[in-house]
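So in UniProt numbering, spot 188 of the sequence shown is number 188, and the numbers just go up one at a time.
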Amino acid sequence: MGANISGGFPEFDRNDDVYSRKPRLVDIPENCVALIMTRLDPPEICRLARLSRVFRRASSADFIWELKLPSNYRVIAQKVFDEITLRKLLKKDLYAKLSRPNLFDSGTKELWIDKNTGRLCLSISSKSLRITGIDDRRYWSHLPTDESRFQSVAYVQQIWWFEVGGEFEIQFPSGTYSLFFRIQLGKTSKRLGRRICNSEHIHGWDIKPVRFQLATSDNQQAVSQCYLNNNPGNWSHYHVGDFKVTNPDISTGIKFSMTQIDCTHTKGGLCIDSVFVLPKEYVKEVIGSE
């Protein structure tokens, strides 16, 4: 259909006189194109922008991307950009930057917005979590790795009291969110270009389950328990719970934890990478791609 519209071949009457010309893409007024784009999803807008110069100019209109950004985008953007940068950016450029992962809080957290829903996504590194005994090198250590977004993970060799927690507060766009811990039994490394897993310290996780908890500032709560029995060397995402945000203009605080504090036995050989907070409908896309 696009080829026919843009062809621009003349039509003739019975006397072979030119009397009309088929409309072309370049004939559509730029403001009309921009209004049409307000009804499209961001990926569709970007594809249309490649069709012609008119479409490319129309796709840069601020009012289009104002509608695609979350209503509280300034609060989100202020976490990663200063005011001068925010004032200089076109809304299109701001959307593009926010839809990619952005490090903040000294590189210990990451945020981005989902291109399809406009909702907030968070990743919180192990260095930003409260880990009981993390400063005692007899039990815990930080291991450098390229398998983490943050280039390091927390590894517990052996401990009696296992307790990991954290909290975060921001104005989340409306929607339902899911929280996960990303963890792995055993520690991995590369030898001669091959990935290998050291599982010698894995023990104790099959005796008693780990308890996961989530609580929000508006009194939503979730509790779950499970044994850590995934295959050593494989990263797994353990679902802690869901919470719902109805008012994007009010900050929502979240507190979360992962504990196994039965001191009748030791446990160890576990890597903790990060915590994910994702729009519920976006979970498979993020976690499934890892």
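Here a beta-carbon is modelled for each residue, glycine too, at the ideal position from N, C-alpha and C. Being a predicted model, the structure only gives us computed values, none of them experimental.
| said: Would K244 pass as an interface residue toward chain C - the criterion being a Cβ-Cβ separation below 8 angstroms? | reply: Among the protein chains of the structure shown there is no chain C, as only one such chain exists.
| said: Please classify Y177 as buried or exposed, where buried requires at least 16 other C-beta atoms within 10 Å of its C-beta. | reply: buried
| Any idea if R182 is buried or exposed, counting beta-carbon neighbours within 10 angstroms, 16 or more meaning buried? | buried
| query | Would you say the stretch 146 to 161 touches the stretch 236 to 255, given that touching needs at least three Cβ pairs under 8 angstroms? | reply | no
| Contained beta strand (DSSP E) runs [length at least 3] in the stretch 101 to 141, N- to C-terminal order | 102 to 104, 109 to 113 and 120 to 125
| task | Assign G288 to one of three DSSP states: helix, strand, or coil. | result | helix
| Local conformation of E200 per DSSP, three classes | coil
| field | Between the CA atoms of N198 and L69 - distance to the nearest angstrom | value | 44 angstroms
| field | Where residue 311 sits in the DSSP three-state scheme | value | Beyond the ends of the chain as shown, which are 1 and 290, falls residue 311; an answer cannot be given.
| query | On the three-state DSSP scale, how would you describe P29? | reply | coil
| query | Distance, Cα to Cα, L278 vs S99? | reply | 13 angstroms
| request: Alpha carbon to alpha carbon, how far is I28 from S6? Give it in angstroms, no decimals. | output: Note on S6: pLDDT 42, under 50, position unreliable in the model; no value is reported.
| Coil, strand or helix - N4 by DSSP | Because the pLDDT at N4 is just 39, under 50, the model does not fix this residue reliably, and the value given afterwards should be weighed accordingly. Here N4 sits in helix by DSSP.
| Smallest Cα separation from T117: which of H265, Y95, V80 and D136? | Y95
| Meets three-Cβ-pair contact criterion under 8 angstroms: the stretch 155 to 172 and the stretch 266 to 280 | yes
| request: Provide the residue(s) that pair with H265 in DSSP beta bridges, ordered along the chain. | output: None; H265 has no bridge partner.
| field | Integer Cβ distance of K115 from S125, believed to fall under 8 angstroms | value | Between S125 and K115 the Cβ distance is about 23 angstroms, and since that is not below 8 angstroms, they are no contact.
| said: Going by C-alpha to C-alpha distance, which of R130, W205 and R53 sits closest to W160? | reply: W205
| query | Three-state secondary structure (DSSP) at R74? | reply | helix
| How many angstroms separate the CA atom of K280 from the CA atom of S71? | 19 angstroms
| request: Run the CB neighbour count on L111, radius 10 Å, all protein chains shown included, and call it buried at 16 or more, exposed below. | output: buried
| field | Exposure of T216, with buried meaning 16 or more beta-carbon neighbours within 10 Å | value | buried
| said: Which residue wins for smallest C-alpha separation from E285, given the options R56, E30, I45 and C121? | reply: C121
| query | Per DSSP, what kind of secondary structure is K92 in: helix, strand or coil? | reply | helix
| message | Could you tell me the alpha carbon to alpha carbon distance between F81 and D262, rounded to whole angstroms? | response | 44 angstroms
| said: Measuring only the C-alpha atoms, how far is Q213 from S189? | reply: 31 angstroms
| task | Run the CB neighbour count on Y227, radius 10 Å, all protein chains shown included, and call it buried at 16 or more, exposed below. | result | exposed
| Of the residues S257, I45 and N230, the one placed nearest S224, counting alpha carbons only | S257
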